[in-house]
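In this note's numbering, the protein residues as written are 1387 to 1725.
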């Protein structure tokens, strides 16, 4: 997929998209922006692109579309309460599927999941794994149960998942898989999405999600210790690589090239192609910050990874909590707003 293709040299993929209409949810997010940009530039024969956008934080969809072009910073809440996670990721998927069933001539329904939705599985294959809970039952429980008791029950409900995000994503996959006989569906599982490798610009990012938040925090000297093993692989994939793969997958499934009785599932990772460890990420980031330091530096950027949780906790107390409380005390003494 090359940008600015002429009619004569269009690829088979771009040609397939010619005259098609595409409906996108999450078009204002990090991956959504790259998807829209890629489709506009590389598949310029597309008939229509529809972006589902709701009012948010007092801003209507028109305002949010305008702000979309100014690249606002967004956040991904891995620790959202279970009620919100289920409403957004599970019930939201059900509603979108119900809408898709009403679309005439639907060629493909592409669902974005995460490569961490079944973190309890040691060898993660490209298939939908059964989940202990029925997604629609969980939706009903999240609706009628009050927030406080639901918060208390959350750890036992989501176990063995580390957070509500991965748990709700696994439930959403089950919702999609149940529709394989009713509509052409496929599931895409990117790992941790990181800044672009090439498009729209090398290094482009609009968010402090995932590794970017850690690197910026460490680069400013705020984060002094991280609990991780330096030799572990960093499961990251550039956003443009993931989006290019998604565009190709949609074409293959939508054109009938891929036929399966089971829902097609694709794990989008690159650790076997361009492997990089957590230690290498930290060292590369540190070298860049030394050459190009941030403005508003809080401390010398000399944080490190600690494989021992006990050692990490000690460093957090000495280098995170105590300095933070000391700064708050100074702000309080001089009558400034505390952090």
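Cβ atoms here follow ideal geometry from the backbone N, Cα and C, with glycine treated the same way.
All values derive from a computational prediction rather than experimental measurement.
(request) Would you list the one or two residues that DSSP bridges to residue 1571? (result) 1495
(message) If you reduce the DSSP assignment to three classes, tell me which class residue 1702 lands in.
(response) helix
(request) Check residue 1624 in the structure and name its three-state DSSP category. (result) strand
(request) For the beta strand (DSSP E) holding residue 1411, just list the boundary residues, first then last. (result) Counting along the chain, the beta strand (DSSP E) containing residue 1411 begins and ends at 1407 to 1411.
(request) Assign residue 1678 to one of three DSSP states: helix, strand, or coil. (result) coil
(request) State the Cα-Cα distance for the pair residue 1689 and residue 1713, rounded to the nearest angstrom. (result) 19 Å
(request) Can you give me the Cβ contacts of residue 1598 inside the same chain, cut-off strictly under 8 Å, excluding the 5 residues immediately before and after it? (result) In the same chain as residue 1598, and ignoring 5 residues on each side of it, the C-beta atoms closer than 8 Å to its own belong to 1580, 1581, 1591, in chain order.
(request) With DSSP collapsed to three states, give me the class of residue 1542. (result) helix
(request) Going by CA-CA distance only, name the one from 1608, 1661, 1577, 1567 that's closest to residue 1704. (result) 1608
(request) Look at residue 1335 and residue 1629 and say whether their C-beta atoms are less than 8 Å apart. (result) Here the chain has residues from 1387 to 1725 only, and residue 1335 is not among them.
(message) If contacts are defined as beta-carbon pairs under 8 Å, then residue 1399 and residue 1425 qualify, I think. What distance do you get, rounded to the angstrom?
(response) Not really, about 11 Å apart at Cβ, beyond 8 Å.
(request) Report the partner residues of residue 1692 according to the DSSP bridge assignment. (result) 1613
(message) Buried or exposed, going by whether 16 or more other CB atoms sit within 10 Å of the CB of residue 1642?
(response) exposed
(request) Report, in whole angstroms, the separation of the C-beta atoms of residue 1432 and residue 1422, which I expect to be a contact under 8 Å. (result) With 8 Å as the limit, residue 1432 and residue 1422 do not qualify as a contact, their Cβ atoms being about 10 Å apart.
(message) Taking the straight line between their C-alpha atoms, what separation do you get for residue 1728 and residue 1468?
(response) Outside the modelled stretch of the chain, which goes from 1387 to 1725, sits residue 1728, for which no answer is possible.
(request) Going by CA-CA distance only, name the one from 1496, 1518, 1576 that's closest to residue 1565. (result) Closest option to residue 1565, judged by alpha-carbon separation, among 1496, 1518, 1576: 1496.
(message) Under 8 Å, with one C-beta from each stretch per pair, do the region 1513 to 1520 and the region 1652 to 1660 reach the 3-pair mark?
(response) no
(request) State buried or exposed for residue 1404, treating a residue as buried only when at least 16 other CB atoms are found within 10 Å of its CB. (result) The Cβ neighbour count for residue 1404, taken over all protein chains shown within 10 Å, is under 16; the residue is labelled exposed.
(message) Give me the DSSP bridge partner(s) of residue 1653.
(response) In DSSP, residue 1653 forms a bridge with 1575.
(message) Taking a contact to mean a Cβ-Cβ separation below 8 Å, would you say residue 1637 touches residue 1501 in this structure?
(response) No, these two residues do not count as a Cβ contact at 8 Å.
(request) Name the two residues that bound the continuous alpha helix (DSSP H) containing residue 1722. (result) Careful: residue 1722 lies outside any alpha helix (DSSP H) and carries neither H nor E.
(request) Would you kindly check if the distance between the Cβ of residue 1499 and the Cβ of residue 1573 is under 8 Å? (result) Yes, they are a contact pair.
(message) If you reduce the DSSP assignment to three classes, tell me which class residue 1629 lands in.
(response) helix
(message) Can you tell me which residues form a DSSP beta bridge with residue 1434?
(response) 1407
(message) Please report the straight-line C-alpha distance between residue 1674 and residue 1556, rounded to a whole angstrom.
(response) Their Cα atoms are separated by approximately 37 Å.
(request) Identify which residue in 1560, 1508, 1534, 1676 has its Cα closest to the Cα of residue 1524. (result) 1560
(request) Kindly indicate which three-state DSSP category residue 1428 falls into: helix, strand or coil? (result) helix
(message) If I follow the unbroken alpha helix (DSSP H) through residue 1530, where does it start and stop?
(response) Per DSSP, residue 1530 belongs to the alpha helix (DSSP H) from 1521 to 1530.
(request) Label residue 1695 either buried or exposed according to how many other C-beta atoms from any shown protein chain fall within 10 Å of its C-beta, with 16 as the threshold for buried. (result) exposed
(message) Could you tell me the alpha carbon to alpha carbon distance between residue 1650 and residue 1551, rounded to whole angstroms?
(response) 22 Å
(message) I'd like to check one pair, residue 1476 with residue 1554: are the Cβ atoms closer than 8 Å?
(response) yes
(message) Would residue 1706 and residue 1610 qualify as a contact pair, given that the criterion is a beta-carbon distance under 8 Å?
(response) yes
(request) Specify, as a first and last residue, the run of the alpha helix (DSSP H) that residue 1553 falls within. (result) 1550 to 1563
(request) For residue 1667, collect the residues of the same chain with a Cβ closer than 6 Å to its Cβ; drop the 5 residues on either side in sequence, then sort them by chain order. (result) Only 1620 meet the Cβ criterion.
(request) Work out the CA separation of residue 1472 and residue 1435 for me, nearest whole Å. (result) Computed Cα separation, rounded: 27 Å.
(request) Would you mind working out which of 1648, 1583, 1606 sits nearest residue 1623, comparing C-alpha positions? (result) 1583
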